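As given, the protein sequences belong to chains A and B, one line each in that order. If you use the numbering used here, the first sequence corresponds to residues 16 to 458, in order. If you use the numbering used here, the second sequence corresponds to residues 16 to 458, in order. We put the beta carbon where it would ideally sit given N, CA and C, even for glycine. Values in this document were obtained by computation on a predicted structure and should not be read as measured data. Heads up: the structure comes next, in structure tokens.
2 protein chains.
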Amino acid sequence: MGVTQELGQLVASTGHDALTPSVIERAKWAIMDGVAAMLAGSTEPASAIVTSLIQEFGGAPMATIVGRGVRTTLPWAAYVNGTMAHALDYDDISWPMGGHPTAPLLPVILALGEQYHVTGREALLAYVVGFEVEAKLGRAVNMVHYEKGWHPTATLGTFGAAAAAGKLLQLNSEELTHAFGIAASEASGLKENFGTMTKPLHVGHCAKNGLVAALLAKRGFTAATEALEGHFGFGNLFVGPGVVDFTLVTKEFGNPWELASTGVVFKAYPCCGSTHAAVDAMLALRTTYGLSVEAIAGIEARVQPNRVHVLVHPRPRTGLEAKFSLEYCVATAALEGELRLRHFGDAWVRRPQNQALTAKTKGLVHSDATNTHSEVTVYLQDGRVLTHRVAHAKGITTIEELHRKYRDCAEGVLASEAIGRSLSLIEHLEEVGDLALLPQSLG
Amino acid sequence: MGVTQELGQLVASTGHDALTPSVIERAKWAIMDGVAAMLAGSTEPASAIVTSLIQEFGGAPMATIVGRGVRTTLPWAAYVNGTMAHALDYDDISWPMGGHPTAPLLPVILALGEQYHVTGREALLAYVVGFEVEAKLGRAVNMVHYEKGWHPTATLGTFGAAAAAGKLLQLNSEELTHAFGIAASEASGLKENFGTMTKPLHVGHCAKNGLVAALLAKRGFTAATEALEGHFGFGNLFVGPGVVDFTLVTKEFGNPWELASTGVVFKAYPCCGSTHAAVDAMLALRTTYGLSVEAIAGIEARVQPNRVHVLVHPRPRTGLEAKFSLEYCVATAALEGELRLRHFGDAWVRRPQNQALTAKTKGLVHSDATNTHSEVTVYLQDGRVLTHRVAHAKGITTIEELHRKYRDCAEGVLASEAIGRSLSLIEHLEEVGDLALLPQSLG
Numbered sequence: 016m017g018v019t020q021e022l023g024q025l026v027a028s029t030g031h032d033a034l035t036p037s038v039i040e041r042a043k044w045a046i047m048d049g050v051a052a053m054l055a056g057s058t059e060p061a062s063a064i065v066t067s068l069i070q071e072f073g074g075a076p077m078a079t080i081v082g083r084g085v086r087t088t089l090p091w092a093a094y095v096n097g098t099m100a101h102a103l104d105y106d107d108i109s110w111p112m113g114g115h116p117t118a119p120l121l122p123v124i125l126a127l128g129e130q131y132h133v134t135g136r137e138a139l140l141a142y143v144v145g146f147e148v149e150a151k152l153g154r155a156v157n158m159v160h161y162e163k164g165w166h167p168t169a170t171l172g173t174f175g176a177a178a179a180a181g182k183l184l185q186l187n188s189e190e191l192t193h194a195f196g197i198a199a200s201e202a203s204g205l206k207e208n209f210g211t212m213t214k215p216l217h218v219g220h221c222a223k224n225g226l227v228a229a230l231l232a233k234r235g236f237t238a239a240t241e242a243l244e245g246h247f248g249f250g251n252l253f254v255g256p257g258v259v260d261f262t263l264v265t266k267e268f269g270n271p272w273e274l275a276s277t278g279v280v281f282k283a284y285p286c287c288g289s290t291h292a293a294v295d296a297m298l299a300l301r302t303t304y305g306l307s308v309e310a311i312a313g314i315e316a317r318v319q320p321n322r323v324h325v326l327v328h329p330r331p332r333t334g335l336e337a338k339f340s341l342e343y344c345v346a347t348a349a350l351e352g353e354l355r356l357r358h359f360g361d362a363w364v365r366r367p368q369n370q371a372l373t374a375k376t377k378g379l380v381h382s383d384a385t386n387t388h389s390e391v392t393v394y395l396q397d398g399r400v401l402t403h404r405v406a407h408a409k410g411i412t413t414i415e416e417l418h419r420k421y422r423d424c425a426e427g428v429l430a431s432e433a434i435g436r437s438l439s440l441i442e443h444l445e446e447v448g449d450l451a452l453l454p455q456s457l458g
Numbered sequence: 016m017g018v019t020q021e022l023g024q025l026v027a028s029t030g031h032d033a034l035t036p037s038v039i040e041r042a043k044w045a046i047m048d049g050v051a052a053m054l055a056g057s058t059e060p061a062s063a064i065v066t067s068l069i070q071e072f073g074g075a076p077m078a079t080i081v082g083r084g085v086r087t088t089l090p091w092a093a094y095v096n097g098t099m100a101h102a103l104d105y106d107d108i109s110w111p112m113g114g115h116p117t118a119p120l121l122p123v124i125l126a127l128g129e130q131y132h133v134t135g136r137e138a139l140l141a142y143v144v145g146f147e148v149e150a151k152l153g154r155a156v157n158m159v160h161y162e163k164g165w166h167p168t169a170t171l172g173t174f175g176a177a178a179a180a181g182k183l184l185q186l187n188s189e190e191l192t193h194a195f196g197i198a199a200s201e202a203s204g205l206k207e208n209f210g211t212m213t214k215p216l217h218v219g220h221c222a223k224n225g226l227v228a229a230l231l232a233k234r235g236f237t238a239a240t241e242a243l244e245g246h247f248g249f250g251n252l253f254v255g256p257g258v259v260d261f262t263l264v265t266k267e268f269g270n271p272w273e274l275a276s277t278g279v280v281f282k283a284y285p286c287c288g289s290t291h292a293a294v295d296a297m298l299a300l301r302t303t304y305g306l307s308v309e310a311i312a313g314i315e316a317r318v319q320p321n322r323v324h325v326l327v328h329p330r331p332r333t334g335l336e337a338k339f340s341l342e343y344c345v346a347t348a349a350l351e352g353e354l355r356l357r358h359f360g361d362a363w364v365r366r367p368q369n370q371a372l373t374a375k376t377k378g379l380v381h382s383d384a385t386n387t388h389s390e391v392t393v394y395l396q397d398g399r400v401l402t403h404r405v406a407h408a409k410g411i412t413t414i415e416e417l418h419r420k421y422r423d424c425a426e427g428v429l430a431s432e433a434i435g436r437s438l439s440l441i442e443h444l445e446e447v448g449d450l451a452l453l454p455q456s457l458g
């Protein structure tokens, strides 16, 4: 039996009793972070366009579009919510997947969960299994797959979405095999589209495709049973002949769960990931020395040379530019003691104090290209020079920080009562009897 | 300027006056053949599943699902009609494209044509331009692209569908560039799925994706402007670095039109293309010698060795097996003097006279593997041995044959009045003032 069928069997036979407390905890964090990213992304221009398009189509009000008070059919809800979840690139990261694991899964779980009133436990199982499919496939195909130019969030996300949908629709192993076969033929997404609205669209597209693949398979639709490993299958076409070791997908499936072992990184700041370690360094200096802005004569932020290619806006004039400005991010962290969504509004970026400190901040690279640290040096008016180095961005590590991110993302989109209610539902997801309560609290 | 933008400009700037009488004529034939294939495919199991799924979704009744008396939204109509058009593999072929050119285009033209009441002239222009995009991209990427394992009908069809939709939506060159950029990230379809329901689904999927790409681009959605030729673009990922000569896409765009120069092949029989030349040979023998079945002692049909791999059912018991049975196809041609859809019904296949003559028919390969002819030898009861060779399947070459195919495909799906009306509308397409009349006559 080949890997496609084996994966079908593994996904079909995994029950809630296979989930450990730590994987359940991590899944709830990831869902909380994913909903936060979706809410924050709901007001982006790309989200507005896809929402208005699918509203023209109409259809049965099966599932909620987050943050917009609209209900639509299952596939279009997944399409729009998936696009929203990745619109700001503020969603979580899995290293083995080489991409963003939650954005393709969550829209499927919200849509089917609302339509079929599944329990929180069923939703958590679907999430963990979908995540595992994405990460284990990533182990088999990366980094070759990523480096070729595919967008793993979208390509591998198609299989993850099919797996999550398949669990909620209670597909048997044969139906899951066909769902993966359909998914293999709909996996797509090119890195050439990074930096355009089509990047988040990849995620909506793959969530919809995985969902529809499972819906079709449940109705008896057929696909190749060796769609991953076959001669003209996913492995050979999306990676290359003879490159993929598909045993990596199945031999440790759920043992341990990737979600608990390799885990996820939750982005702490709503800006380019290459700025995060420097922002951490700046905030550490600010806290340690109780710095006031008036005391600062100048700032230097140094990052690894290969990170600087995306940090192309030393003097940003818009929020979008500011996200890719090492200078603005570090200066604003020094000014505000935090970096939140509001700091990337156009008006905030143009505030004189932010512009002035950004102008005093220099983004630099290390003279030694092998130096992977981010390093911030602050020159004070009194002549002191303070330096701090950070090897890796800390990300979000406490539930308080995650709550803060959630509230920051939800503010201005949901009423405060709905923010509290949705947060509480996710925190107690394994006790929720009807998942529909969650998307309905996000409408 | 790169090829993606150039293609956007070429498609945007092409008007109806660029169409020659011969290309218009050929387009009408292709549309007639495509509608025929769609009608015949409308009753296949894959078509029934996708139709029932999208009916659960509901939505605005914008466009007709052919043969099923249902109207739905633009994307789902394209999805279902595209799947139907390729469900029987009875649709036309373009050699430079390396695939089936009409099935991805026609559903888009029918859907938008109905919604926006375009003229027949506008529909013809959209068809010719969409076909040209598919065939010229095929020149650039094939046969490497095909041989790697991609399904060009689906991958290149996504761009063709976007071009056809773009013309009907009157996108400007910049919007078309973005539509092609979105299409590049949604192109998909693996040959591993050949022989399953997912193969025709590829076509519905790509028609829908191309259509939605154009709808999004019209609303200001953005994508990479070098999505074809960029480092992480379609050429490098779907063919390989340094392989594609993209000048082949643009340098002779519409000059001449591929539709008139390399043209299309219309399948004459509703069975595997590898049987067609042998069926031609059998029918020629039957006509030349006025053969009666009683006079036949045995038949040998020889084809090229590499064709025999798909002809795997010497003694078929079902219609689907019979399509891939050289013996059944040749024997039934000898019996009936023609090969029509009804000959591939399960009951027909099991008729004693068909089974008996099939049992007397041997499918063989040439002893000389370089012999590309199909050759049929009939051994008569009176000791005579008659042989005929055919180099290439004739396909459909006269309008009478095409009408016969159309009527054969439409019978049992449409009332005879609707068959005549729809046929007449396509024959006089350049004079039709409201294209909606066509899909509405096919409902």
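What residue range is occupied by the uninterrupted alpha helix (DSSP H) comprising B/Glu71? Pro60 to Phe72
Quick one: does B/Ala384 have its CB under 7 Å from some CB of chain A? no
Let me see if you follow: with CB-CB separation under 7 Å, is A/Ser28 close to chain B or not? no
Would you kindly report the start and end of the unbroken alpha helix (DSSP H) that includes A/Lys151? Gly135 to Val156
Out of B/Met297, B/Ala118 and B/Gly255, state which residue places its alpha-carbon closest to the alpha-carbon of B/Phe174. B/Ala118
I'd like to know if A/Met212 contacts chain B, where contact means its C-beta is closer than 7 Å to some C-beta of that chain. yes
Going by DSSP in three states, B/Thr262 sits in which element: helix, strand or coil? helix
Output the distance between the C-alpha atoms of A/Asp383 and A/Glu342, rounded to the nearest integer angstrom. 20 Å
CB contact check: B/His101 to chain A, cutoff 7 Å: no
I'd like to check one pair, A/Gly225 with A/Ala176: are the Cβ atoms closer than 7 Å? yes
Quick one, which of B/Ala238, B/Pro60 and B/Gly145 has its alpha-carbon nearest B/Pro116's? B/Gly145
Between B/Leu139 and B/Ala42, is the Cβ-Cβ spacing less than 7 Å? yes
Comparing the CB of B/Ala406 with every heavy atom of the ligand MN, is any distance shorter than 6 Å? Because no ligand of any kind appears in the structure shown, any question about the ligand MN cannot be addressed here.
Out of curiosity, what's the CA-to-CA distance linking A/Ala2 and B/Leu186? The structure shown does not extend to residue 2 of chain A, since chain A is modelled only from 16 through 458, so no value can be given for it.
Uninterrupted alpha helix (DSSP H) stretches inside the stretch 427-457 of chain B (no shorter than 4 residues): 431-442 and 452-457
Given 8 Å as the limit, is there contact between the stretch 265-274 of chain B and the stretch 352-360 of chain B, that is, 3 or more CB pairs closer than that? no
Have a look at the DSSP bridge pairing and note the partners of B/His115. Paired residues: none, contrary to the question.
Entirely within the stretch 383-421 of chain B and at least 4 residues each: give me those alpha helix (DSSP H) ranges in chain order. none
In whole angstroms, what separates the C-alpha of A/Arg366 from that of A/Cys287? 21 Å
Whole-Å CB distance - A/Thr88 paired with A/Met77, under 8 Å assumed: 5 Å
Between B/Tyr105 and B/Phe281, what straight-line distance do the alpha-carbon atoms span, to the nearest angstrom? 8 Å
From B/Arg422 to B/Tyr94, what does the alpha carbon distance come to, in whole angstroms? 24 Å
Residues, ordered as in the chain, of the stretch 335-355 of chain A that lie near chain B by beta-carbon distance below 8 Å: none
Which complete alpha helix (DSSP H) runs does the stretch 78-116 of chain B hold, if anything under 4 residues is left out? 89-101
On the DSSP letters alone, give me the boundaries of the alpha helix (DSSP H) that B/Lys233 sits inside. Thr213 to Lys233
Express the C-alpha separation of B/Glu207 and A/Val258 in angstroms, rounding to a whole number. 18 Å
Nearest residue (CA-CA) to A/Leu401, options A/Ala63, A/Gly235, A/Gly313 and A/His328: A/Gly313
B/Leu252 at chain A interface by Cβ criterion, 7 Å: yes
Closer than 7 Å at the beta carbon, the chain B residues around A/Asn208: Gly196, Ser200, Ala238, Ala239 and Ala242
Which same chain residues end up closer than 8 Å to A/Glu446 when comparing Cβ atoms and leaving out the 5 residues on each side of it in sequence? Gly135
Give the single residue among A/Tyr131, A/Thr333, A/Leu54 and A/Gln370 whose Cα lies nearest to the Cα of A/Leu457. A/Leu54
Hey, does A/Leu68 have any beta-carbon neighbour from chain B nearer than 7 Å? yes
Specify whether the stretch 220-234 of chain B and the stretch 431-448 of chain A touch according to this definition: at least 3 beta carbon pairs, one from each stretch, less than 8 Å apart. no
Shortest alpha-carbon distance to B/Arg83 belongs to which of B/Gly305, B/Thr66 and B/Leu120? B/Thr66
State yes or no: is the beta carbon of A/Ala75 nearer than 7 Å to at least one beta carbon in chain B? yes
What residues of chain B sit near A/Gly245, judged by a beta carbon separation below 7 Å? Glu207
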